[in-house]
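Numbering (the numbering used here), first residue to last: 1107 to 1502.
Backbone N, C-alpha and C define an ideal beta-carbon position, used for all residues, glycine too.
Worksheet for the structure shown next.
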Amino acid sequence: MQYSRDVSIKRKKNIVVQLEQLKSYFADNEEISKKEINRVLKPLIKEVNKAIDYLRVKKHSVEYSFGISIEHEIKRYFEGVKNNPKNQRKYDRSQRKWDKLVEQGKNPTWRVIPPYLVDLNLTRGNIVKIISDLIDRYYEDINSTDYDAHQEMINLVNFFKEQASRLVYRVTRGIAKARALALLKEVGIPEPEIRYRQYPFEFSGGMRQRIVIAIALSANPDILICDEPTTALDVTIQSQILELINKIKKERNISVIFITHDLGVVANMADQVAVMYAGKIVEYGTSEDIFYDPRHPYTWALLSSMPDLETKEKLDAISGTPPNLIYPPVGDAFAERNKYALEIDFEQEPPFFQVSDTHYAATWLLHPHAPKVKPPTVIRERIKRMKKEAQNYGKQ
1107 MQYSRDVSIK RKKNIVVQLE QLKSYFADNE EISKKEINRV LKPLIKEVNK
1157 AIDYLRVKKH SVEYSFGISI EHEIKRYFEG VKNNPKNQRK YDRSQRKWDK
1207 LVEQGKNPTW RVIPPYLVDL NLTRGNIVKI ISDLIDRYYE DINSTDYDAH
1257 QEMINLVNFF KEQASRLVYR VTRGIAKARA LALLKEVGIP EPEIRYRQYP
1307 FEFSGGMRQR IVIAIALSAN PDILICDEPT TALDVTIQSQ ILELINKIKK
1357 ERNISVIFIT HDLGVVANMA DQVAVMYAGK IVEYGTSEDI FYDPRHPYTW
1407 ALLSSMPDLE TKEKLDAISG TPPNLIYPPV GDAFAERNKY ALEIDFEQEP
1457 PFFQVSDTHY AATWLLHPHA PKVKPPTVIR ERIKRMKKEA QNYGKQ
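Structure representation (structure tokens):
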């Protein structure tokens, strides 16, 4: 274990210098040479993969995903309009259309925003961030003083034992029953010995939900996916189920993915939030980003339709119907239902715009040339009230 770590640290020290040079190259140069990047990048990715300490039980995704992530972003960069004749022709057609409308005395409400053009600076920033994250990860390992080879060996042995038990898992009827009773007890089923022999119709809705969670936990997952876990349950039972999931998350040290339309659940449970529409993520950020600084019109619509005791106005329902994904629409899938849609929304799908280091949204409203549009009044008032309540709570 110690030898593997020492070799890994030695290689990381050598790679850091190359990473710093590559980072400076992308940050400081306006013109990026594709030939030069390919010459440097491929050997660098190989060295990064060699520097991974594969005996370490706790994996760091930054190291494992570096090659795929940076190759993807560099490919996007060189497919940009300035570097791609096909996209350049699309841009030229849009520009001619816009100029023709202006010559006719019309005032187009949209702007000529070619595909990927807005991505060039953003993509360059993404490349620099990927490199910076790996450099930070390396320095953290190089400067770490709390490495315990003995404990790492124990963790590795336990890991192999767990993996082996999954491959050759054989149980008797008695062991299976004991395991089932332990799971029933873990999810809070009272009198598990009695409940063990009962049928589903003899359980309440909340107890059935607990049983489903127990079934999911029987596989010892690293990630627990909860698809609408509180649907059709009363408020009291919802609270109990959410408390149970939180308890399991902490005790088992697992991650939980919630799939839900209940924004109250999202606000109370989630650290990171991805808002999806028509099968695609349209906004992503921390819970604070989404609820205190929403940027996508669909997120605004979701928040506006959420009941609030302090709001006296009628709930603002989202007009229209979702698109047919068998024949997906051109441009932004939400454009037909979006009261803030620009003309370009019906022509081109928006890319992700970066709001902050943790916050991204796919809407043309975030483009520098787009008209400035504020969230609905009900959203702004609610955010203002929530911030005020948070301040008052902090003073208590």
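Sub-9 Å separation of residue i and residue j beta-carbons
i: PRO1481; j: PHE1440; result: no
i: LEU1448; j: ALA1407; result: no
i: TYR1244; j: LYS1118; result: yes
i: ILE1236; j: GLU1179; result: yes
i: GLU1153; j: GLN1124; result: yes
i: VAL1362; j: LEU1323; result: no
i: GLY1311; j: LEU1289; result: no
i: PHE1459; j: LEU1161; result: no
i: ASP1239; j: ILE1115; result: no
i: VAL1381; j: VAL1388; result: yes
i: ASP1422; j: VAL1479; result: no
i: ILE1319; j: ILE1343; result: no
i: LYS1493; j: TYR1398; result: yes
i: ARG1401; j: ALA1467; result: yes
i: VAL1163; j: LEU1262; result: yes
i: TYR1544; j: ARG1111; result: Residue coverage of the chain in this structure runs from 1107 to 1502, which leaves residue 1544 outside it and unanswerable.
i: ILE1241; j: GLU1126; result: yes
i: ILE1424; j: SER1411; result: yes
i: ASP1048; j: ARG1488; result: Past the edges of the chain, shown from 1107 to 1502, lies residue 1048, and the structure says nothing about it.
i: ASN1155; j: GLY1173; result: yes
Rounded separation between residue i and residue j - CA only
i: GLU1394; j: ALA1282; result: 43 Å
i: ILE1151; j: ILE1138; result: 19 Å
i: LYS1206; j: ASN1213; result: 11 Å
i: LYS1355; j: SER1345; result: 15 Å
i: ASP1377; j: GLY1385; result: 21 Å
i: THR1405; j: SER1462; result: 17 Å
i: GLN1210; j: GLU1453; result: 21 Å
i: GLU1121; j: ASN1232; result: It is worth fixing the name first, because residue 1121 is Ile in this sequence and not Glu. One C-alpha to the other measures close to 20 Å.
i: ALA1270; j: GLU1416; result: 56 Å
i: VAL1224; j: LYS1181; result: For VAL1224, the predicted structure reports a pLDDT of 49, less than 50, and the residue's modelled location is therefore unreliable. The matter cannot be settled from this model.
i: TYR1383; j: VAL1208; result: 34 Å
i: ALA1496; j: VAL1379; result: 20 Å
i: GLU1142; j: MET1259; result: 42 Å
i: LEU1147; j: LEU1128; result: 9 Å
i: VAL1277; j: LYS1267; result: 16 Å
i: PHE1307; j: ILE1331; result: 25 Å
i: THR1251; j: LYS1490; result: 45 Å
i: ALA1255; j: ALA1373; result: 40 Å
i: GLU1299; j: ILE1321; result: 16 Å
i: ILE1396; j: GLU1297; result: 42 Å
i: MET1375; j: ILE1329; result: 15 Å
i: LYS1420; j: LEU1348; result: 29 Å
i: ILE1450; j: SER1167; result: 37 Å
i: SER1171; j: GLN1201; result: 38 Å
i: PHE1234; j: LYS1140; result: The sequence given here places Val at residue 1234; Phe does not occur at that position. Taking the straight line joining both Cα atoms gives about 16 Å.
i: LYS1203; j: THR1366; result: 42 Å
i: ALA1284; j: ARG1358; result: 19 Å
i: LYS1291; j: VAL1341; result: 23 Å
i: ASN1249; j: PHE1364; result: 36 Å
i: THR1392; j: GLY1280; result: 45 Å
i: ARG1443; j: ARG1199; result: 27 Å
i: ASN1264; j: GLN1257; result: 11 Å
CB contact check: residue i to chain D, cutoff 9 Å
i: ASN1374; result: In the structure shown, chain D does not exist; there is a single protein chain.
Supposed contact pair residue j and residue i - C-beta distance, whole angstroms, cut 8 Å
i: PHE1132; j: ARG1230; result: 6 Å
i: ILE1360; j: PRO1327; result: 6 Å
i: ILE1158; j: GLU1169; result: 5 Å
i: THR1469; j: PRO1456; result: 5 Å
i: ALA1286; j: TYR1305; result: With 8 Å as the limit, ALA1286 and TYR1305 do not qualify as a contact, their Cβ atoms being about 15 Å apart.
i: LEU1226; j: TYR1197; result: LEU1226 to TYR1197, Cβ: 12 Å. No contact.
i: LEU1369; j: LEU1409; result: 7 Å
i: PRO1435; j: PRO1429; result: 5 Å
Ranges of the beta strand (DSSP E) found wholly within the region 1380-1417, counting only runs of at least 3: 1386-1392
Inter-stretch contact (C-beta, 8 Å, three-pair minimum) for the region 1329-1340 and the region 1301-1321: yes
Minimum length 4: unbroken alpha helix (DSSP H) runs contained in the region 1299-1344: 1311-1323
Alpha helix (DSSP H) segments (min. 4 residues) lying fully within the region 1435-1484: none
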